[in-house]
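Following: one structure in structure tokens, then a few remarks.
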Amino acid sequence: MPTITLRIKFEPEGHIGHGKVELLERIAASGSISAAARGMKMSYKRAWNLVEEMNRIFGRPMLETQKGGPGGGGAQLTATGLAVISRYRAIERATQAAAGPHIAALVAEIEET
Numbered sequence: 421m422p423t424i425t426l427r428i429k430f431e432p433e434g435h436i437g438h439g440k441v442e443l444l445e446r447i448a449a450s451g452s453i454s455a456a457a458r459g460m461k462m463s464y465k466r467a468w469n470l471v472e473e474m475n476r477i478f479g480r481p482m483l484e485t486q487k488g489g490p491g492g493g494g495a496q497l498t499a500t501g502l503a504v505i506s507r508y509r510a511i512e513r514a515t516q517a518a519a520g521p522h523i524a525a526l527v528a529e530i531e532e533t
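Number 533 marks the last residue of the sequence shown (the numbering used here); no jumps.
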């Protein structure tokens, strides 16, 4: 079954989409920007750039971080970061629900040929 990929543009600041939301989810799950980046096969710098873009878009930080050292560093999502995930996933579910019958009709058109 085809899927819809959702990208929400906040011009001119940037956009959020499934990749940035997945990055936030992985940071939340691992408590680590490095681990989240590795899991998505991207550099730490790229992950930070994406987080900083989201910080600019929303005007508030997505993460609270602790510097590394003997006890190790870490990152956790702020209330804003958690809200971005929650709202994006809700929009995604609503989009899928609304588009579902139309996608099924498109698939039926393909199958009729």
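Where is the CB? At the ideal position from N, CA and C, for every residue including glycine.
Bear in mind the structure is a predicted one, so any value in this text is a computation, not a measurement.
Practice prompt. Given a cut-off of 8 Å, decide if I428 and H603 are closer than it, judged by their beta-carbon atoms.
Written response: Nothing about residue 603 can be reported from this structure: the residues present for the chain run from 421 to 533 only.
Worksheet item: Which runs of the beta strand (DSSP E) fall wholly inside the stretch 461-514 and span at least 3 residues, in chain order?
Response: Within the stretch 461-514, the complete beta strand (DSSP E) runs of at least 3 residues are 483-486, 494-497.
Worksheet item: In terms of DSSP beta bridges, what is H435 paired with?
Response: DSSP, once it has assigned bridges, lists K429 as partnering H435.
Worksheet item: Would you call the stretch 446-463 and the stretch 495-504 touching, i.e. three or more CB-CB distances under 8 Å?
Response: Flag = yes, the stretch 446-463 and the stretch 495-504 touch.
Worksheet item: Is the Cβ-Cβ distance between V471 and M482 less than 8 Å?
Response: Taking 8 Å as the cut-off, the beta carbon of V471 is found closer than this to the beta carbon of M482.
Worksheet item: Tell me which same chain residues have a C-beta within less than 6 Å of the C-beta of M460, skipping the five on either side of it?
Response: Answer for M460: no residue qualifies.
Worksheet item: How many Å lie between A457 and A519 at the Cα?
Response: So the alpha carbons of these two residues sit roughly 31 Å apart.
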